[in-house]
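Inspection log for the structure reproduced underneath, given as structure tokens.
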Amino acid sequence: MTVRHYLSLMDLSAAELRQIINRAIEMKRQFAEGQRIDLFKSQTAVMVFEKSSTRTRVSFESGIRHLGGSAIFLAPNDSHLGRGEPLEDTARVLSRMSRMIIVRTGDHARLETLAEYASVPVVNALSDFNHPCQLLADLQTWFEHRGDITGKRVCWVGDGNNVCHSWMNAARLLNFDLIISSPSGYDPDPELLKACQSYVSIERNPLVGVKDADLVVTDTWLSMGREQEKVQRQKDFEGYCVDKTMMSRASVEALFMHCLPAYRGMEVAEDVIDGPQSVVWDEAENRMHAQKALMEFLLASLDTH
Ligand code: CP
Ligand code: NVA
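Numbered according to my numbering, the sequence shown spans residues 366 to 670.
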């Protein structure tokens, strides 16, 4: 078996994705009961983070600790990557010393290069293109609250960004309808849209998009690196704030998700994110459980390598 990487949800089959979600739910229960798994056997995982993080960093560091390992966190100026040591060399060196390389970066191609040269699993902890770890937690959260997602109607309101791309991959893997309500000029990647066209559609008007949705999802309009576009984006996204009026058009049972960090009053109204339909704190906690299940899955490929 070759070593498995996780750069995109499409690195998993639908069956493997379901296996990881179910395992995450089980590991969450086992952890609460005090059971501990010594998966890392005192070995390390290296976390190369070229962008800021609260949830991803803390959930991985906590999870690695729970699994008997230690995380080594490298911020941009902590390693020689920051002064130009090639990714190819870094991947080979880190593979000799640790069991996993977890990377948050801008350019998705950097992850692909690391994965090509690493002999341990490389995990995408967010790139400008996608955020597959977030989706494991979001799907776990849906499954915990509502059961299977196949056949459901999910509406993404806002920027067709990295998290949106991972929702698109989830729709085609698990066979649900994803309606994307993004303003003109903020659509998701056209090639990915084409690949997902049987499951994903664009509806410019969010009040139409959310109609009868089982789940409404949004994310910031100002992803990391876009902060200087704030004034323009606030104009372009007018009418795209998920507020109570918008939620009232969705199914009465609809849930609300946001990967966080959130800007209340921009992409989401305070009374929605802090309201009864919101499951954002479960999503955040589940990052830890879902990534533990992911690490177990990936390390199994390393052990039989
Ligand atoms: N949702 C998420 O990835 O949050 P952080 O940027 O805080 O890691
Ligand atoms: N789309 C956001 C997600 C943050 C978790 C960003 O890339 O900044």
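Where is the CB? At the ideal position from N, CA and C, for every residue including glycine.
The stretch 393 to 413 makes contact with the stretch 453 to 470; the number of CB pairs closer than 8 Å reaches 3 or more. When the beta-carbon positions are compared, W646 and V582 stay at least 9 Å from each other. The ligand CP never approaches C561 closely enough for any of its heavy atoms to be under 8 Å from the residue's Cβ. Just measuring C-alpha positions, the residue of Q562, S546, G525 sitting nearest L538 is Q562.
Only residues of its own chain outside the window of five on either side were considered, and among them I429, G434, A436, S463, R464, M465, I467 have a CB closer than 7 Å to the CB of A410, listed in chain order.
The C-beta separation of Q656 from C498 comes to about 6 Å, placing the pair in contact by the 8 Å criterion. The stretch 604 to 613 makes contact with the stretch 637 to 645: 3 or more CB pairs, one atom from each, lie closer than 8 Å. In the DSSP annotation of this structure, the continuous segment of the alpha helix (DSSP H) that includes N534 starts and ends at 527 to 539. For M653, the shortest separation between its Cβ and any heavy atom of the ligand NVA does not lie below 8 Å. Three or more Cβ pairs closer than 8 Å define a contact, and the stretch 514 to 527 falls short of that threshold against the stretch 659 to 666. Excluding residues up to 5 positions away in sequence, K416 lie with their Cβ nearer than 6 Å to the Cβ of M589 in the same chain. Burial is judged here by how many other beta carbons sit within 10 angstroms of a residue's own beta carbon; N526 has at least 16 and is buried. Shortest Cα-Cα distance from G512 to any of R383, Y482, L374 involves R383.
As a beta-bridge residue in DSSP terms, R629 pairs with V633.
Here Q505 is buried, its C-beta having at least 16 other C-beta atoms within 10 Å. Relative to the ligand NVA, the beta carbon of P626 is positioned inside 8 Å of a heavy atom. Fewer than three Cβ pairs drawn from the stretch 369 to 376 and the stretch 396 to 403 lie within less than 8 Å of each other, which leaves the two stretches out of contact. In this structure, D542 lies near S566, with their beta-carbon atoms less than 9 Å apart. The C-beta separation of F425 from A490 comes to about 7 Å, placing the pair in contact by the 8 Å criterion.
Here the C-alpha atom of K517 lies approximately 8 Å from the C-alpha atom of L580. Taking a 10 Å sphere around the C-beta of A615, we find 16 or more other C-beta atoms and assign the residue as buried.
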